[in-house]
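In our numbering, the protein residues as written are 10 to 167.
For each residue, glycine too, the CB sits at the ideal point set by N, CA and C.
For clarity, every value in this text was computed on a predicted model and none was experimentally measured.
See below for the structure under consideration.
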Amino acid sequence: MLDDYEFYQGVVLRHLALEADYSVSFRPFVREGRINAFVVNGRLGVYIKHSSKRMSPWRFTFTIEQAADLLDLEHKFSDSFVVFVCGTDGLVTLSFADLHSIVSFQESENAWVSISRPPRTQYELAGNRGELKYKISRGIGTIPETLKVRARERYAAV
């Protein structure tokens, strides 16, 4: 039997495969327990959270284990992102720097993100530390862009 989270993760990985201009490889990033994170092309981390709720606002909480996974992913891959799957509405991608600006993992039992989107607008994000100062558009575009930049840097150095 397939779990719901597998479908939501599949959506994110499909978008990554389709939006990249070249072949993309994925491997699970596992510390222990359920797989919530993946390594893309061996160079950046993607942590996936989902909400099956149909409409805004969507709320995402982080357990102590999930916070540890996030911090471990960030430590191993400086270019890391969290992708929030907001029901069937869309995907919201945050860099870890933006995530840290709205979420404090020091009180990891209370770490959370809330995402809302009134009709025909961009996403507004807030966390247990505060609100993100700007709105986020739908999608995962920052991940393929980062992959391109890192690939160019790598070939420019050769």
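Can you name, in chain order, every residue of its own chain whose Cβ lies under 8 Å from the Cβ of residue i, other than the five neighbours on each side?
i, result
"Arg43", "Tyr14"
"Glu140", "Ile111, Glu133, Leu134"
Assign residue i to one of three DSSP states: helix, strand, or coil.
i, result
"Ala77", "helix"
"Gly19", "helix"
"Arg147", "coil"
"Ala106", "helix"
"Pro37", "strand"
"Val3", "With the chain running from 10 to 167 in the structure shown, residue 3 is simply not present."
"Thr155", "helix"
"Tyr14", "helix"
"Leu25", "helix"
With distances taken from CA atoms, which of the options is nearest residue i?
i, options, result
"Gln18", "Thr97, Ser32, Ser123", "Thr97"
"Ser89", "Val33, Met10, Ala46, Ile111", "Ala46"
"Ile152", "Arg40, Phe16, Glu41, Gly54", "Gly54"
"Leu82", "Ile57, Leu156, Glu118", "Ile57"
"Thr102", "Phe16, Asp12, Leu22", "Leu22"
Spell out the partners DSSP gives residue i in its beta bridges.
i, result
"His59", "Val94"
"Phe114", "Per DSSP, none; premise fails for Phe114."
"Thr5", "Since the first residue of the chain shown is 10 and the last is 167, residue 5 is not available in this structure."
Measuring only between beta-carbons, confirm whether residue i sits less than 9 Å from chain D.
i, result
"Val101", "The question asks about chain D, but that chain is absent: this structure has only one protein chain."
From residue i to residue j, what distance separates their C-alpha atoms?
i, j, result
"Arg129", "Gly150", "19 Å"
"Cys95", "Ser61", "7 Å"
"Leu80", "Pro127", "31 Å"
"Phe86", "Arg52", "7 Å"
"Leu25", "Thr70", "24 Å"
"Ser34", "Asn50", "5 Å"
Give every residue of the same chain whose Cβ lies closer than 6 Å to the Cβ of residue i, excluding the five residues on either side of it in the sequence, and list them in chain order.
i, result
"Ser9", "The requested residue 9 is not part of the displayed model; the chain covers only 10 to 167."
"Leu108", "Val91"
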